[in-house]
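S.K.:
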Amino acid sequence: MKIITFLLWHAFFLLLFPYNNGVIIQALKYDYSATTECLEEAWKVQYGGGIIQNPEFDDGIEEWTVFGPGKIQERVTKSGNKFIAAINRTHPSDGLSQRVLIESGKLYAFSAWIQISEGSEIVAVKFRSTCGKYLHGGTVIAEQGCWSMLKGGIVANFTGTVDLTFEVRKRKVKFQVTNEKKVAVRGAKITLKQTKAGFPIGCEMNLNVLNSTKYRDWFIASRFSVTAFGNEMKWYFTEEKTRGKENYTIPDAMLKFCEQNNIDVRGHNIFWDDPKYQPTWLNLNISSKKLEKLVEKRLKSVVLRYKGRLIHWDVMNENLHFRFYENKLGKNASAEIYARTYELDQKPILFMNDYSTIEDSEDEESMPAKYARKLKRVVSYYKERSSGNKMLPMGIGLESRFAPGQPNFAYMRAGIDFLASMGFPIWLTEVFVDKGANQAEYLEEVLREGYSHPGVKGIVIWPTSPFSKECKMCLIDIDQDFKTTPTGDVIDKLIEELWSSKPLKISTNGHGFSEEVVLLVGDYEVTVRHPESNSCTKLKLKVTEDESAQFVNVLLDKNDACVPNINN
């Protein structure tokens, strides 16, 4: 067993959400900053260290103690910054520690900068209670000669509802109305009606949508703007029983239904790296040459068939936990398949997609640092393959499949922070909370947390099929005439509260200006009428995310096409 010297360059531990008499208070503005890079110099400590004492080691090793039989020493970098080295370690858990007081019912965030003396290793932070129980707070891949950011957190038996701000999804908008002579129009009536939400919220769909009118009606009425098919695009479905005998009838029909109803589709998936989920006819002991030919055939078949019609592809599903194709075709198998997919269709964003990255702080296979490392390899492989001229349009898919217990929102947020620093869009692709006493409550908290993060660009909910015998997270109950379940009520509530805007009416003043309104991002139909002149005009408005206000000039022309309605 290799034991290395462990170096720590400042840390912070911060109370995020005190829960007091049913009210959640975010004491400080949350710092979303993070990086996946290993840096020569670490960033300044966040929040001044929070509740950590002596976070930047200005007082040497005061407040810090040895954990295990090793030693800790104060050291200084070439640039004069102080850090602590844990030396003479004989066990992986040996290091340094500090005792802090935490309270039940509160959520805490943590970050630190880590370096090791040689190679690269996984470094974890754990919190030990007075009764000896360990809470896993996060992990990072630390390296020699540079500083890696470990960002995570814990929940101290947290049971309150997280109340977050959502201004990231809104924008201030102001109108000015003038006539054909460029004279300001006083008293113009402006009506805004949202036609499409700007933040994509969707739900998994299955083949029963083709034969159940009630299922179709529910899906449309729920206002989902995006979907992914549960199984119907997967290799084991389209080429199910016999090699070479493909059948796309069902996914073709499902895609047509989505297009007719303005529902975007995420392609899920081209390949699955888990050997259990290959076509039944595929011999797992197949030779590399034969598998390579089958892979190319599958790629061309499904990617070209749906070329230009999908917004995303989950190209190689769960390739952090599994390595079927890498074991058969070499370490660059995933990267090559991503490259080939892009060559066949340049429209969709190409996603990695895996579980436990933000749900389970103890799963080291898919921890944020390993996710980032794999993604970087895919991107760099294509850069080299294309002589550095092109960048793959990559996306970060986080399945977000939570166990029945209380989710660790501090760890979830820290993981998203870390991955968002790469600059690729993040989607929560298969949001699911397993059956338990507080399932609906936890589902709502997960969705609010995801929606509140500026790095998250869309969410797809992954309920159990309402037609299955065991329904762990159904949104509807087919035995009760498609009545929504408690988890379904959560979705309806959030769509109404967070993801849709009610029609809004405003007027212009003597200078032709409207009041400044705050709108959710999305597409709007704007109708402007002037009751005295019977003038009317309609226009389409797209509200996008931006900190600056959006200014809209409207020319009110008597000859415009909309019929005036002076009663509105």
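Numbered per mature numbering (1 follows the signal peptide of the UniProt record, and there is no 0), the sequence shown spans residues -22 to -1, 1 to 546.
Just so you know, even glycine gets a beta-carbon here, dropped at the ideal spot from N, CA and C.
Values in this document were obtained by computation on a predicted structure and should not be read as measured data.
Excluding the 5 residues preceding and the 5 following threonine 139 in the sequence, name in chain order all residues of the same chain whose CB lies nearer than 6 Å to its CB.
M.R.: Here residue 139 corresponds to residue number 161 of the sequence shown, with the count starting at 1. Bear in mind that the predicted position of threonine 139 carries a pLDDT of just 29, short of 50, making it unreliable; the figure below should be weighed with that in mind. Closer than 6 Å at the Cβ level, and outside the excluded window around threonine 139, lies no residue.
S.K.: Whether or not the region 156 to 163 and the region 209 to 225 are in contact is what I'm after, with contact meaning three or more pairs of Cβ atoms, one per stretch, closer than 8 Å; do they touch?
M.R.: Too few Cβ pairs lie closer than 8 Å, so no.
S.K.: What are the start and end residues of the beta strand (DSSP E) that includes arginine 276?
M.R.: Within the sequence shown, numbered from 1, the residue matching residue 276 stands at position 298. Counting along the chain, arginine 276 falls outside any beta strand (DSSP E), though it belongs to the alpha helix (DSSP H) covering 266 to 283.
S.K.: Rounded C-beta distance between alanine 87 and alanine 388? I'm assuming under 8 Å.
M.R.: For this step, residue 87 is matched to residue 109 along the sequence shown. For this step, residue 388 is matched to residue 410 along the sequence shown. Sure, about 5 Å apart at Cβ, within 8 Å.
S.K.: Does histidine 324 pass the burial test, meaning 16 or more other C-beta atoms within 10 Å, or should it be called exposed?
M.R.: Within the sequence shown, numbered from 1, the residue matching residue 324 stands at position 346. For the record, residue 324 in the displayed sequence is glutamine; it is not histidine. Exposed: under 16 other Cβ atoms inside 10 Å.
S.K.: List the residues that DSSP assigns as beta-bridge partners of lysine 518.
M.R.: The count along the sequence shown starts at 1 and reaches residue 518 at position 540. DSSP, once it has assigned bridges, lists Glu503 as partnering lysine 518.
S.K.: Whose C-beta lies closer than 8 Å to the C-beta of glutamine 417 among residues of the same chain, with five residues either side of it excluded?
M.R.: Translated into positions along the sequence shown, residue 417 becomes position 439. Hits under 8 Å: Pro382, Val411, Met451, Pro464 and Thr465.
S.K.: Using beta-carbon positions only, say whether glycine 366 and tryptophan 291 come within less than 7 Å of one another.
M.R.: As a position in the sequence shown, residue 366 is number 388, starting the count at 1. As a position in the sequence shown, residue 291 is number 313, starting the count at 1. Not a contact, by the Cβ cut-off of 7 Å.
S.K.: Can you give me the Cβ contacts of threonine 258 inside the same chain, cut-off strictly under 8 Å, excluding the 5 residues immediately before and after it?
M.R.: Counted from its first residue, the sequence shown places residue 258 at position 280. The residues are Tyr214, Glu218 and Lys219.
S.K.: If you draw a straight line from the alpha carbon of valine 504 to that of lysine 171, how long is it in whole angstroms?
M.R.: On the sequence shown, position 526 is the one that residue 504 refers to. On the sequence shown, position 193 is the one that residue 171 refers to. Near 7 Å, if we compare the C-alpha coordinates of lysine 171 and valine 504.
S.K.: Counting pairs of beta carbons, one from the region 518 to 532 and one from the region 181 to 197, are three or more of them closer than 8 Å?
M.R.: No, the region 518 to 532 is not in contact with the region 181 to 197.
S.K.: From the DSSP output, which residues share a beta bridge with methionine 369?
M.R.: The sequence position of residue 369 within the sequence shown is 391, counting from 1. For methionine 369, which the question treats as bridged, DSSP gives no partner whatsoever.
S.K.: Start and end of the beta strand (DSSP E) containing glutamine 172?
M.R.: Along the sequence shown, one-based indexing puts residue 172 at 194. Counting along the chain, the beta strand (DSSP E) containing glutamine 172 begins and ends at 167 to 175.
S.K.: Just to confirm the assignment, what range does the beta strand (DSSP E) spanning tyrosine 112 have?
M.R.: For the purposes of this step, residue 112 is taken as the residue at position 134 of the sequence shown. From DSSP, the beta strand (DSSP E) with tyrosine 112 extends over 112 to 121.
S.K.: I want to know whether the region 114 to 125 touches the region 332 to 344 - three or more CB-CB distances under 8 Å.
M.R.: Yes: the two stretches touch, three or more of their Cβ pairs being nearer than 8 Å.
S.K.: Take leucine 519 and list the residues in its own chain whose beta-carbon comes closer than 6 Å to its own, dropping the five residues that flank it on each side.
M.R.: In the sequence shown, residue 519 corresponds to position 541, counting from 1. Excluding sequence neighbours, leucine 519 sits near Tyr502 and Val504.
S.K.: Look at the alpha carbon of lysine 483 and the alpha carbon of threonine 169, and state the distance between them as a whole number of angstroms.
M.R.: In the sequence shown, the residue the question calls residue 483 occupies position 505. In the sequence shown, the residue the question calls residue 169 occupies position 191. Rounded to the nearest angstrom, the two C-alpha atoms are 5 Å apart.
S.K.: Quick one: residues in its chain with C-beta nearer than 6 Å to the C-beta of glutamate 523, no 5 flanking neighbours on either side, listed in chain order?
M.R.: Taking the first residue of the sequence shown as position 1, residue 523 is located at position 545. These residues qualify, in order along the chain: Val499.
S.K.: What is the rounded straight-line gap between the Cα of glutamine 24 and the Cα of tryptophan 91?
M.R.: Counting from 1 along the sequence shown, the entry for residue 24 is found at position 46. Counting from 1 along the sequence shown, the entry for residue 91 is found at position 113. Approximately 11 Å, taken between the alpha carbons.
S.K.: For a test of the three-state rule: what should DSSP assign to valine 204, helix, strand or coil?
M.R.: As a working note, residue 204 is residue 226 in the sequence shown. If DSSP states are grouped into helix, strand and coil, valine 204 belongs with the strands.
S.K.: How big is the Cα-Cα spacing for serine 430 and alanine 12?
M.R.: One-based indexing of the sequence shown puts residue 430 at position 452. One-based indexing of the sequence shown puts residue 12 at position 34. Cα to Cα, the separation comes out at about 17 Å.
S.K.: Quick one: Cα of phenylalanine 136 to Cα of isoleucine 80, how far?
M.R.: Here residue 136 refers to the residue found at position 158 when the sequence shown is read from its first residue. Here residue 80 refers to the residue found at position 102 when the sequence shown is read from its first residue. Caution applies to phenylalanine 136, whose pLDDT of 36 falls short of 50 and renders its modelled position unreliable; the model cannot decide the point.
S.K.: Could you tell me the boundaries of the beta strand (DSSP E) in which methionine 294 lies?
M.R.: If you number the sequence shown from 1, residue 294 lands on position 316. Taken as a continuous stretch (DSSP letters only), the beta strand (DSSP E) holding methionine 294 covers 290 to 295.
S.K.: If we call anything under 7 Å between Cβ atoms a contact, is serine 75 one with phenylalanine 45?
M.R.: Counted from its first residue, the sequence shown places residue 75 at position 97. Counted from its first residue, the sequence shown places residue 45 at position 67. The answer is yes: Cβ separation under 7 Å.
S.K.: Check asparagine 531 in the structure and name its three-state DSSP category.
M.R.: Mapped onto the sequence shown, residue 531 falls at position 553. Asparagine 531 falls in the strand class under three-state DSSP.
S.K.: Can you tell me whether DSSP reads glutamine 154 as helix, strand or coil?
M.R.: Translated into the one-based positions of the sequence shown, residue 154 becomes position 176. It is a strand residue.
S.K.: By a C-beta neighbour count over all protein chains shown, 10 Å radius and 16 as the cutoff for buried, is proline 385 buried or exposed?
M.R.: Along the sequence shown, one-based indexing puts residue 385 at 407. Answer is buried; the Cβ neighbour count reaches 16.
S.K.: Give me the Cα-Cα distance between residue 586 and tryptophan 196, rounded to the nearest whole angstrom.
M.R.: No answer is possible for residue 586: the residues shown for the chain start at -22 and end at 546.
S.K.: Can you find the residues in the same chain that come closer than 7 Å, C-beta to C-beta, to threonine 14, ignoring five residues on each side of it along the sequence?
M.R.: Your numbering for residue 14 matches position 36 in the sequence shown. Correct list, in chain order: Ala350, Phe396, Ser399 and Met400.
S.K.: For valine 54, count the other beta carbons within 10 Å of its own beta carbon; 16 or more makes it buried, fewer makes it exposed. Which is it?
M.R.: Position 76 of the sequence shown, counted from the start, is the residue given in the question as residue 54. Exposed.
S.K.: Kindly indicate the opening and closing residues of the beta strand (DSSP E) around lysine 483.
M.R.: By 1-based counting over the sequence shown, the position of residue 483 is 505. First-last of the beta strand (DSSP E) with lysine 483: 482 to 485.
S.K.: How would you label aspartate 72, buried or exposed, when you count the other beta carbons within 10 angstroms and need 16 or more for buried?
M.R.: On the sequence shown, residue 72 is found 94 positions in, with the first residue counted as 1. Buried.
S.K.: So, with DSSP's three-state summary, where would you put serine 71?
M.R.: Numbered from 1 along the sequence shown, position 93 holds the residue referred to as residue 71. Three-state DSSP puts serine 71 in coil, outside helix and strand.
S.K.: Based on the DSSP secondary-structure assignment, which residues constitute the bridge partners of tryptophan 259?
M.R.: The residue given as residue 259 occupies position 281 in the sequence shown. Answer is none; tryptophan 259 lacks a bridge partner.
S.K.: For the beta strand (DSSP E) holding serine 98, just list the boundary residues, first then last.
M.R.: Along the sequence shown, read from residue 1 onward, the residue named residue 98 stands at position 120. Unbroken beta strand (DSSP E) run through serine 98: 98 to 106.
S.K.: How big is the Cα-Cα spacing for proline 509 and asparagine 487?
M.R.: Within the sequence shown, residue 509 is the residue found at index 531, counting from 1. Within the sequence shown, residue 487 is the residue found at index 509, counting from 1. For proline 509 and asparagine 487, the distance between alpha carbons rounds to 14 Å.
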